[in-house]
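J.: First residue of the sequence shown? That's 1 in the numbering used here, and the numbers climb one at a time after it.
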Amino acid sequence: MTDLLAQEVNVSVISEYVAQQSDPSLEKFVYQYTVTIANEGSHPVTILARHWLITDGNGKLNEVQGDGVIGETPTIEAGDSFTYTSAAMLETQLGTMQGSYTAQGQNHVQFKIPIPVFRLEVPGVVH
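#1: What did DSSP end up calling P130 once you bin it into helix, strand or coil?
#2: Looking at the secondary structure, which residues open and close the beta strand (DSSP E) in which P116 lies?
#3: Three or more beta-carbon pairs under 8 Å between the segment 83–95 and the segment 57–71, yes or no?
#4: Report, in whole angstroms, the separation of the C-beta atoms of L48 and T102, which I expect to be a contact under 8 Å.
#5: By Cβ distance below 7 Å, which residues in the same chain neighbour D80 in space, the five residues on each side in sequence not counted?
#6: Could you give the distance in angstroms between the alpha-carbon of Q21 and the alpha-carbon of P114?
#7: Please state the DSSP three-state secondary structure of Q145.
#8: What residues in its chain sit with their C-beta under 8 Å from that of Q65, if we drop five residues either side in the sequence?
#9: Give the C-beta separation of V45 and G105 to the nearest angstrom, bearing in mind that I take them to be a contact with Cβ-Cβ under 8 Å.
#10: Is the distance from the Cβ of V122 to the Cβ of Y33 below 7 Å?
#11: Across which residues does DSSP place H51 in a beta bridge pair?
#12: For my contact list, V9 and V35 are in at a C-beta cut-off of 8 Å; report their separation, rounded to the angstrom.
#13: What residue from P116, I76, M97 has the CA that sits closest to H43's CA?
Below is the structure:
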């Protein structure tokens with residue numbers, strides 16, 4: 001049942017390098033990412049928590065867990081979506097992020113929504 005609920009929620013991410021907040025000489029590379037969570041099911045879904053796995057170009061893994069997203073626990077109505085923007089800082093010009101959301105559906109059933117892997121990269125680094 002919970003796998004079926006997760007299939008009704010689509011997560012898409014767009015990332016970009018933020019040059020004005022980065023300082024390559026200090027190995028500080030800032031990336032902004034915008035996430036859209038689309039509820040394609042027939043019941044509301046509430047995002048309770050997030051779990052991120054952030055890997056830099058050296059293979060260094062940073063795990064981030066917390067309640068909600070950007071200080072909110074949004075309820076996404078059936079057929080609606082929720083979009084937010086956040087940022088991550090790496091010590092390298094290239095990295096990846098992936099993870100999952102813990103969500104609550106109808107009758108307080110909790111389930112995991114996978115966040116597909118996406119790249120964090122300085123433009124022109126990877127051809």
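Even glycine gets a Cβ: it sits at the ideal position worked out from N, Cα and C. Just so we're clear, the structure is a prediction, and the values are computed from it rather than from any experiment.
T.: Looking at the coordinates:
#1: Only positions 1 to 127 of the chain appear in this structure, which leaves residue 130 out of reach.
#2: It spans 110–121 - the beta strand (DSSP E) in which P116 sits, taken as one unbroken run.
#3: yes
#4: 5 Å
#5: N39
#6: Approximately 29 Å between the Cα atoms of the pair.
#7: There is simply no residue 145 to check, as the chain begins at 1 and stops at 127 in what is shown.
#8: Around Q65: A49, R50, H51, W52.
#9: 5 Å
#10: no
#11: Q65, S100
#12: Going by Cβ atoms, the distance from V9 to V35 rounds to 12 Å, so no, they are not a contact pair.
#13: Nearest option by C-alpha distance: I76.
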